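One structure is given below, encoded as structure tokens.
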Amino acid sequence: MSGWRFNPIALVRAFLRPIDPMLTLLLGVLLGYAWVLMQSASPERLDNQLAHFGVALGAMWVVAWLTPTRLLSLALPLYAAGVVLLIGVELFGEVSKGAQRWLDIGVTRIQPSEIMKIAMPLMLAWYFQQREGQTRFVDFIVAGLLLVVPVGLIVIQPDLGTSLLVAASGLYVIYFAGLSWKLIVPLVLAAVIGIGSIVAFGDTLCQPDVDWQVLREYQKQRVCTLLDPTRDPLGKGFHIIQSTIAIGSGGLSGKGWMEGTQTHLAFLPERHTDFIFAVLAEEFGLVGAVVLLAVYLLLLIRGFTIAAFAPTHASRLLAGAVTMIFFTYAFVNMGMVSGILPVVGVPLPFVSYGGTALVTLCLGIGILMSIQRSRLVARSS
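Residues 73 to 453 (this note's numbering) are what the sequence shown spells out, left to right.
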């Protein structure tokens, strides 16, 4: 001990060892966007969001330190725990605003569906790694069943937005694992025909006496509102109408920071969470929106680059799926805010207010950093 000397440079290097510079820079820009927009949309919540930043970045750093092998070893217990908790929500969960999504575990309330956003791609990546080089059609069937169970439990809560994200996270792994286009094309065609039919016969299908069977009434109303927001401009269509007004009124360069009338006159609902992209478009215009899109695009490019050079099959599947989750969050949020997708409660990644989604997304960044670090270690050894 007498020869030990405190070396702050070595300590900083050790702290930064798992951090990927490009991912960190892009994440910093996105959190900067979040801070600026939160100052305008809901300044009273800024302190809480800064606390969320700290928790999320801490979780990211911890995950980045873990090796991909260690992460995959957690897949099965994390998936099993998530499914058990989802069953617990169905049996004992608390009902809030017509949905049963929360579980009181004594010291706090948790939303088990959030666990599955990370557990699902981990589980399927681990599953396909066990079958690397010998994947059969039946393995895709099993993977589909592993996906359907938690997604089904989330759908009945009901929580359409989260079920969509969990389903997407699993489907991306299945696709990257080598799912045949012979199976994908019929599903895509069925979706196109279904969506086309709804658009073509929307006036008839949206009549009050028409039961859609597979969707609940409020989900049917979301689709019908998307087709024609003016059906109920002061009710169900209010969100989309005010959001599109805010986006359009921003023009090329926007009205200026904290100068958005839709935002500050409280016409824009949920302006700090799901509809924060409308705040951005109104105050910073097309220029601000395009810059944000460029940052997201760079994040996707970096994620796919890490996936392409990942050292193992499971790492490639996991990195590819995590990257596509970022895309799904951004695409769905911007789509619903701009009126081309139904409102399903998906936040703008890394920008919308909220702790749970931010932690989940930063865990995804941490997974990418872990995989990239493992590649660098393997290359140097």
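Even glycine gets a Cβ: it sits at the ideal position worked out from N, Cα and C.
Keep in mind that this is a model prediction, so the values were computed, not measured.
**OP:** Specify whether the segment 94 to 112 and the segment 407 to 423 touch according to this definition: at least 3 beta carbon pairs, one from each stretch, less than 8 Å apart.
**Re:** yes
Original post:
So is Asp346 buried or exposed if we call it buried at 16+ other beta carbons inside 10 Å?
Top reply: buried
Subject >> Residue ranges of each alpha helix (DSSP H) within the segment 309 to 384, 4 or longer >> reply: 310 to 321, 333 to 336 and 348 to 380
Subject >> Chain-order list of residues whose beta-carbon lies under 8 Å from that of Gln172 (same chain, five-residue window excluded) >> reply: Val161, Glu162, Gly165, Glu166 and Gln229
**OP:** Take Gln201 and list the residues in its own chain whose beta-carbon comes closer than 6 Å to its own, dropping the five residues that flank it on each side.
**Re:** His385 and Ala386
**OP:** Please name the residue or residues paired with Ile267 in a DSSP beta bridge.
**Re:** DSSP output for Ile267 lists no bridge partner at all.
Original post:
Which first and last residues belong to the beta strand (DSSP E) in which Ala171 is found?
Top reply: Ala171 to Asp176
**OP:** Would you kindly check if the distance between the Cβ of Arg445 and the Cβ of Ala147 is under 8 Å?
**Re:** no
Original post:
When DSSP labels each residue in this structure, what does Val167 get in the three-state scheme?
Top reply: strand
**OP:** For Thr276, count neighbouring Cβ atoms within 10 angstroms of its own Cβ and tell me buried if that reaches 16, exposed if not.
**Re:** exposed
Original post:
Where Ser321 and His336 are concerned, what is the direct C-alpha to C-alpha distance, given to the nearest angstrom?
Top reply: 14 Å
**OP:** Would you mind sorting Trp329 into buried or exposed? The rule is 16 or more other CB atoms within 10 Å of its CB.
**Re:** exposed
Subject >> Proximity of Leu232 and Val416 at Cβ, strictly below 8 Å >> reply: yes
**OP:** Determine the contact status of Glu342 and Ala318, defining contact as a CB-CB distance below 8 Å.
**Re:** no
Original post:
Measuring CB to CB, does Val127 end up less than 8 Å from Val431?
Top reply: Yes. Within cutoff.
Subject >> For Arg142, the first and last residue of its enclosing alpha helix (DSSP H) >> reply: Where Arg142 is concerned, the enclosing alpha helix (DSSP H) starts and stops at Pro140 to Ser145.
Original post:
Do Leu352 and Ala361 have their CB atoms nearer than 8 Å?
Top reply: yes
Original post:
Nearest to Tyr151 by alpha carbon, out of Trp133, Phe125, Gln111 and Val223?
Top reply: Val223
**OP:** Just mark Ala115 as buried or exposed, buried being the case when its beta carbon has 16 or more other beta carbons within 10 Å.
**Re:** At residue 115 the sequence reads Pro, which differs from the Ala that was named. With fewer than 16 Cβ atoms within 10 Å of its Cβ, Pro115 is classed as exposed.
Subject >> Member of Leu364, Ala191, Arg374 and Thr297 whose CA lies at the smallest distance from the CA of Met94 >> reply: Its Cα nearest to that of Met94, the residue Arg374 stands out among Leu364, Ala191, Arg374 and Thr297.
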